[in-house]
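Numbering (our numbering), first residue to last: 70 to 192.
Below you can see the structure in the form of structure tokens.
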């Protein structure tokens, strides 16, 4: 089975075209080599997938015939992603000096002055 179809079948990507684009951009690797979307995948291979700034590591257990339900995904892959990868995203959130809530829009003049004052004090 093609690698892009496999990743779509195990519900790692929402559409097959998104999986194909990830392969073309070099986000899918086996043994530190980038894969083309047409690469044939077999059992017992470890795939590294870069998605949302996290390097997921999965092992291919079996090849599904078609897209499977969410409850059956674990029959076809084993997640080997270390916990440290998930902790990196938490650290990125706290690493920002000034964090604005999502959806609050652009900073006002007062917000901008407060940010500048905050940066001046911390330097």
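For each residue, glycine too, the CB sits at the ideal point set by N, CA and C.
Those residues which DSSP pairs with residue 79 across a bridge: The partner list for residue 79 (beta bridge, DSSP) is empty, contrary to what the question assumes.
The stretch 132-139 in contact with the stretch 86-106 per 3-pair CB rule at 8 Å: Judged by pairs of C-beta atoms under 8 Å, the stretch 132-139 does not touch the stretch 86-106, as fewer than three such pairs exist.
CA-to-CA distance, residue 85 to residue 94, given in whole angstroms: The alpha-carbon separation between residue 94 and residue 85 amounts to approximately 14 Å.
Close Cβ partners of residue 96 (< 6 Å) along its chain, the five nearest in sequence each way excluded: 119
Local conformation of residue 175 per DSSP, three classes: If DSSP states are grouped into helix, strand and coil, residue 175 belongs with coil.
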